[in-house]
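Presented below is the structure to which this report refers.
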Amino acid sequence: MRERSFVASRILIYLVVLLIAAAWLAPLAVVVLNSLRSNEEIAQGSMIGWPQHWAWSNYLTAWSGFCVAETCAGIRPYMLNSALVTIPATIFSTLLGAIAGYAVSLWRFRGDTWIYGIVTLGLFLPQQMRLLPWTIVLRDIGLINTLAGLVLIHTIQGLSFTTLFCRNYYVAIPHELIRAARIDGAGFFRIFWRIILPLSPPILVVTVIWQFTHIWNEFLYGVTFTSGQQQPVTAALIALSAAVADIPQHGVQSAAVIIAALPTLLIYLLGGKYFVRGLTAGAVK
Amino acid sequence: MPITTTRRRLLAGSAAALALPAFARAQGAVKPRLTAISQWSAGSDGAAITALGKKFEEKGGVWQHSPVPGFTTEMMNKLRAQIMAGDPPACSQLKGPEIAAWSKIAPTVDLDAVVAAAGYEKVVAPDLAKLHKPAGKWIALPLQIYSTNMLFLSKRAMDKAKADKIPVTWADFNDLAEKMKAGGVASPIANGGTRPDDGQKFEAALAGISPLAYRAAIMNLEKKALEGPEIKAAFAQVRKIADWMDPNVGAQHFSTNLKRFVDGNMGMMIMGGWAQGVLRNAGFKFEDFLIAPGPSDNGKPVFLLNADAFIFWQRKEADLQAGQTLMAQLVMDPAIQTMYSQITGSIPVRTDVDLSGEGWSEGQRTTSAALKSAIASNQALLSMAHNMAQENGMTAAMIDVITEYVKDKTIKPGQAATRLAEAVEGAR
């Protein structure tokens, strides 16, 4: 009797979980199906439907065919731009965040909580509010309309998040460890490289995933501070979809969205296991 | 939105005065070059501006266009950044009252001489001309026109209603909608669910009921007109329209329902002239639908103007100045306007372009005739829903009220009218 009720509750749990999964995956399914339907098929039928003819050409058009004004090179060059911004900005912001988090958590000094507070305050500032200050900064250092300017923006803005996360992770490291190393004569950076960094992979994975996703998906700064062929992939995607006075190219759009999402998806698949582990590492202690 | 200070205006004014002689000198033997930013990056808009660029190059110019993907906000962010960086584009897309607002932020080029040489002023709708010379001098040029209150009728829905007459007044329109409903058309009014879509229904209603009240209330923001009976009547008409719409359409692009419209499950659509191109690109035929000017109670067409334009920013470089002159000449050229409108499905700004030839659709001819007639009877008005009548902030305040009214059927027309007047007061 008890056995049977156990099985019944199991089935119920699976059913509920499957239902929730289906609800979450439905939009993705629509995008995947539409990426394989021709524009005409979607316009003449409905947004939701099974492809009648498999329009694989959507992927080719999305990758190297569609035009953004005078340039007809598809999503490809913009993917490269996004990589050129996202990879360095992710590395720099993660590394600097780790150093800053380490400094405010393990090297107590006068005003450290204030500095920490001010840095994390950056998380609460709306993007739009920072647009004008960044314009002035980029103008004055001559980086407006360059990818380097975007790297700088994302590195600095990322610091709020990376510092917060690394600091919360590092406060759990026993102070004795640091003290012992200092007695042995190790300085700030030697301790960081030799002790802190080897202990950090779980939290670094979290910040890398987070930063990579955010920077890759960012649109406002990308479109404001670059022009023409320098623009990131989000700009190209919006260019493909923002025509009010045109029939939306759902097929090509869907294919482009899927291609553009692949790098972030890959990062999640590779690092997802560590993501939750890193997030909860500090919490358990 | 741009906040302008008197100091800035002073600076802009003096910079303009200093730069004038430089502009006059610039007509020498340099190779014209043009830096331009616009939001036209894809589809027919992208194709049209690319074609314009080719013409610019054919005339010996260097064309440097940077599309800013997205909508007006993104374009303006980019423009603001470029102006602040001291590197404004030689010309940029900008339309409606934003032209006046932005002209106070940075110095613009005086185009009066080029416009006079082209004899342009005589062939442009007066209200439109006013927008492009906010301080009495031409600083921007309109490029193409759409009417936002065209009436699209589904042939199959007409058959179901056993009707063949195109409605002229709102009474005709309501009659036809009733007949469609009785004939089995599920939603006599085709709708999307975006904010401009709702705004278009209101502006079409008010302008059709009284063009005078529209001009006074929406374009001139006169308090008396805003509280007048016409506004209430317009809201009452919008309620009828809303009752005939499919309530299950969320915030969707109007094109999502084109199939239902053509099939006769939706009957009539109030949309900009661009819907012709959208219908055609979706694979539908002109036999599937009819197109006419929106309902007008006095029988003469009312034309709600939506015009894209370029504003020209002052640059010191001689080649950019020459490029600006060349661009201005091209934009005003009847042949270029013909080429541009034939790609996008709009109509030319010049009222003297002949649309009888090949390459023009029946819908474009109807639109152009409606514009001419509307100008003659002083019924060519500026669209509110598409940011032509007011600056963005004011438009947003008005559309908030309209959209809420369309979606919430417990609000009475009288209440909506009061709310609209209050919203305008608040946004002033």
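If you read the sequences in order, they're chains A and B.
Going letter by letter, the first sequence gives residues 74 to 358 in this note's numbering.
Going letter by letter, the second sequence gives residues 13 to 440 in this note's numbering.
Built from N, CA and C at the ideal position, the CB exists for glycine as well.
Quick caveat, the model's predicted, so the values are computed rather than measured.
Residues of chain A with a Cβ closer than 7 Å to the Cβ of B/H265 are, in chain order, P321.
Nearest to A/I251 by C-alpha distance, out of A/L237, A/W266, A/F238, is A/W266.
Boundaries of the alpha helix (DSSP H) harbouring A/A309: 306-314, taken from the DSSP string. Among the residues facing chain B, A/G222 is not included, as its CB has no counterpart in that chain under 8 Å away. If you look at B/W182, you'll find it in the alpha helix (DSSP H) that goes 182-194. In the same chain as B/W52, and ignoring 5 residues on each side of it, the C-beta atoms closer than 6 Å to its own belong to G58, I61, in chain order. Taking 7 Å as the upper bound on Cβ-Cβ separation, chain A lies near residues H265, S267, T268, L270 of the segment 241-270 of chain B. Interface flag for A/V141 against chain B is set, since a Cβ pair is found closer than 8 Å. Per DSSP, the continuous beta strand (DSSP E) segment holding B/A321 begins and ends at 315-324. Of the other Cβ atoms in all chains shown, fewer than 16 fall within 10 Å of the Cβ of B/T422; this residue is therefore exposed. Fewer than three pairs of CB atoms, one per stretch, sit closer than 8 Å, so the segment 400-411 of chain B makes no contact with the segment 234-246 of chain B. In the same chain as B/A294, and ignoring 5 residues on each side of it, the C-beta atoms closer than 6 Å to its own belong to L270, in chain order. Nearest CB-CB separation between B/A54 and chain A: below the 8 Å threshold. B/V418 is positioned such that its CB atom lies no closer than 8 Å to that of B/A263. As computed with DSSP, B/H77 is found in a beta bridge with B/A48. Shown here, A/F182 sits in coil according to DSSP, grouped into three states, outside any helix or strand.
Nearest in C-alpha terms to B/E215, of all of B/G204, B/A63, B/I230, is B/I230.
Using a 10 angstroms sphere on the CB of A/C145, the tally of other CB atoms stays under 16, which defines it as exposed.
The straight-line gap separating the alpha-carbon atoms of B/G375 and B/V80 is approximately 30 Å. Among the residues of the segment 209-238 of chain A, those with a Cβ less than 7 Å away from any Cβ of chain B are I209, R212, I217, in the order of the chain. The Cβ atoms of B/K107 and B/L342 do not sit closer than 8 Å to each other.
Put simply, the segment 97-113 of chain B touches the segment 206-215 of chain A. At least three CB pairs are less than 8 Å apart. For B/C103, the uninterrupted beta strand (DSSP E) run begins and ends at 103-105, by DSSP. Inclusion of B/A48 and B/C103 in the CB contact set at 8 Å is warranted, their separation being smaller than that value.
Of the candidates A/Q322, A/A329, A/I311, A/P275, the residue whose Cα lies closest to the Cα of A/K346 is A/P275. Residue state for A/P247 is assigned as coil, using DSSP reduced to three classes.
Taking 8 Å as the threshold, the shortest C-beta distance from B/A294 to chain A falls below it. A direct Cα-Cα distance of roughly 12 Å separates A/L91 from A/A99. Taking a Cβ-Cβ cut-off of 8 Å, A/E291 has no neighbours in chain B, whose nearest Cβ is about 13 Å from it. In chain order, I157, S353, Q376, T379, S380 place their CB closer than 6 Å to the CB of B/I359, counting only its own chain and leaving out the 5 sequence neighbours on each side. The beta carbons of A/I311 and A/A135 sit about 14 Å from each other, so the pair does not count as a contact at 8 Å.
Between the segment 135-151 of chain B and the segment 314-322 of chain B, the count of C-beta pairs closer than 8 Å reaches three or more; the two stretches touch. For B/Q156, the enclosing beta strand (DSSP E) starts and ends at 152-159. Looking at B/K252, B/M280, B/A202, B/W256, the one whose alpha-carbon comes closest to that of B/H265 is B/A202.
B/A189 and B/G279 do touch by the CB rule: their CB atoms are close to 7 Å apart, below 8 Å. With a contact defined as Cβ atoms closer than 8 Å, A/Y294 and A/I226 qualify at about 5 Å.
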